[in-house]
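Contents: one structure, followed by commentary.
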Amino acid sequence: MFKKILFFIFLTLIISCFSRVVFAQEKIEIYFFYSDFCPHCAKEKEFLKELGKKYPEIEIKYYEVISNSENQKILQDFYEKYQVPKNEHGFVPVTFTPNKYFVGFNQEIAKEIEGCLKECLTEIKQAPQKIEIPFFGSIELSKFSLPILTVILGTLDGFNPCAMWILIILISLLLVQKSRKKIALVGSIFIFIEGFFYFLIMAAWLNIFLAMKYVSLIRILIGIFGISFGIWRIKDFFTWQPGVCKVVNHSKSQEKFMAKIQNILKANSVPVIILGVVVLAFGVNIVEFFCSAGFPTIYTRILSLQNLSSFQYYFYLIFYNIFYMLDDFIVFGVALITLNRFGFSDKYNRYSTLIAGILILLLGILLIFKPQLLTFTG
């Protein structure tokens, strides 16, 4: 019960921190002071209404100053703030944008107001966009490129209990052979096929998303899936059991897996060994995918939002898979050189699960509410 309470408190903290970023809409405020008896004010009011429709990023605030004494005080404050000369006080309409003020209204002033507005919009788009992530601090999205996102997601995707216990069991049984040649053959084929099948699965996801690139419902559904999967991974941090894959029955799967590897290693024919390892890697890949489906699904959806060539799309998938297999390469490489089993600690795996959950949750929220932040230009 205590763990559940702690989990919900932690989750609420994360979502509240994210919501400040996701739901905050940066608006350009225009302050318009007018009189109901002024024909020029009436013309500008119509102009500003059309301007509001044309630029949804702006927010126009209207203040009638003849009959409203409170609005007159607000106007005086604006005079001081913008250092408006005394000889221009008392005239309407008067309009205040973030950078300039305008007294009166005609076609020339209308063009100047719209020009000033465009300058403000350009400044906002060029300004560094930052998000606050709990425990990690502020991240400037303009410096957060697609390659960096690929490295982070690919590496975190590789660290999951399902993948780790399967690899360690395989290496343990291979070490009994005391043959570096056999270890190198079986281990390298297993890792290559595992990565290749994972690439094919991600390529299938990518092509589905590219075919429905402009369907907002798909983006929202993937975002909801990401939020749900992220919450599940965060929950795993609080209910952690060392070395256990929660997708399958751990003990039964381990026994079956060990029996299959032993049968494969007994074969004297190299082609039979290779075929057995390929089939085994395929089965393992399905288990791994369900264990960490959040990352490849979210990543391929983000990738489909980018304006890339076919070559670039598949290059990024390969790049992702290299880092996805990184932990396998490290564990296998150490075992091959030292003929000793090596693995990452349960504590390391547990905290990587927490980081993964937080990141998937954030990406899911961004996919729904701020997809433009996931479109990288360079």
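Heads up: the sequence shown runs through residues 54 to 431, numbered per this note's numbering.
For every residue, glycine included, the Cβ atom is placed at its ideal position computed from N, Cα and C.
In this model, I408 and F364 are separated by some 31 Å (Cα to Cα).
T391 is classed as exposed because its beta carbon has fewer than 16 other beta carbons within 10 Å across all chains shown.
Within the model, the alpha-carbon separation for E141 versus I162 is close to 15 Å. Just measuring C-alpha positions, the residue of Y373, K288, G386 and K423 sitting nearest V204 is Y373. A Cβ-Cβ distance of about 4 Å is found for the pair N124 and Y116, placing them in contact under the 8 Å criterion.
The C-alpha of I127 is placed about 47 Å away from the C-alpha of G283. Residue nearest to L419 within the set I201, Y367, I351 and Y377 is I351 (criterion: CA-CA distance). Here the alpha carbon of E133 sits roughly 54 Å from the alpha carbon of W285. Counted as a single uninterrupted DSSP element, the alpha helix (DSSP H) harbouring V387 occupies residues L379 to T391. Sequence-distant partners of W258 (beyond 5 residues in either direction) whose C-beta falls short of 7 Å from its own C-beta, in its chain, are P349, T350 and T353. Runs of the alpha helix (DSSP H) spanning 4 or more residues and lying entirely within the stretch 90-138 occur at 92-107 and 122-134, in chain order. For F262, the enclosing alpha helix (DSSP H) begins and ends at R233 to A264.
When the Cα atoms are used, L370 and I355 turn out to be separated by approximately 12 Å. T148 has F85 and F155 as its beta-bridge partners, per DSSP.
Within the same chain, Cβ atoms closer than 7 Å to the Cβ of V156 are found at E141, F144 and V147, the five residues on either side in sequence being excluded. Burial of G417 is indicated by the presence of at least 16 other C-beta atoms within 10 angstroms of its C-beta. Going by DSSP, L356 is part of the alpha helix (DSSP H) stretching over G347 to S357. Nearest Cα to G105 within the set S225, F90, I421 and Y84: Y84. Within the same chain, V145 come within 6 Å of C91 by CB-CB distance, once the 5 residues on both sides are set aside. With respect to F245, G410 sits apart: the two C-beta atoms are not nearer than 9 Å. For L202, the enclosing alpha helix (DSSP H) begins and ends at L199 to G211.
Taking 9 Å as the cut-off, the beta carbon of L101 is found no closer than this to the beta carbon of I119. Cβ neighbours of F243 within its own chain (closer than 6 Å, five residues either side excluded): V330 and A334. Assignment of L361 by DSSP, reduced to helix, strand and coil, places it in the coil class.
Between Y366 and T208, the gap from beta carbon to beta carbon reaches 9 Å or more.
Burial check for S357: the Cβ neighbour count within 10 Å reaches 16 or more, so the residue is buried. Taking the Cβ atoms as the reference, K80 lies roughly 6 Å from E110, within the contact range of under 8 Å.
With 16 or more other CB atoms across the displayed protein chains lying within 10 angstroms of its CB, T150 is buried. By the neighbour-count definition (other C-beta atoms within 10 Å, threshold 16), A388 is a buried residue. Distance check between K423 and each of R272, M255, F278 and Q160 places R272 closest, using alpha-carbon atoms only. With 16 or more other CB atoms across the displayed protein chains lying within 10 angstroms of its CB, E97 is buried. The beta carbon of G211 sits closer than 8 Å to the beta carbons of F376, Y377, M378, L379, D380 and D381 from its chain, once the five residues preceding and following it are set aside; these are given in chain order.
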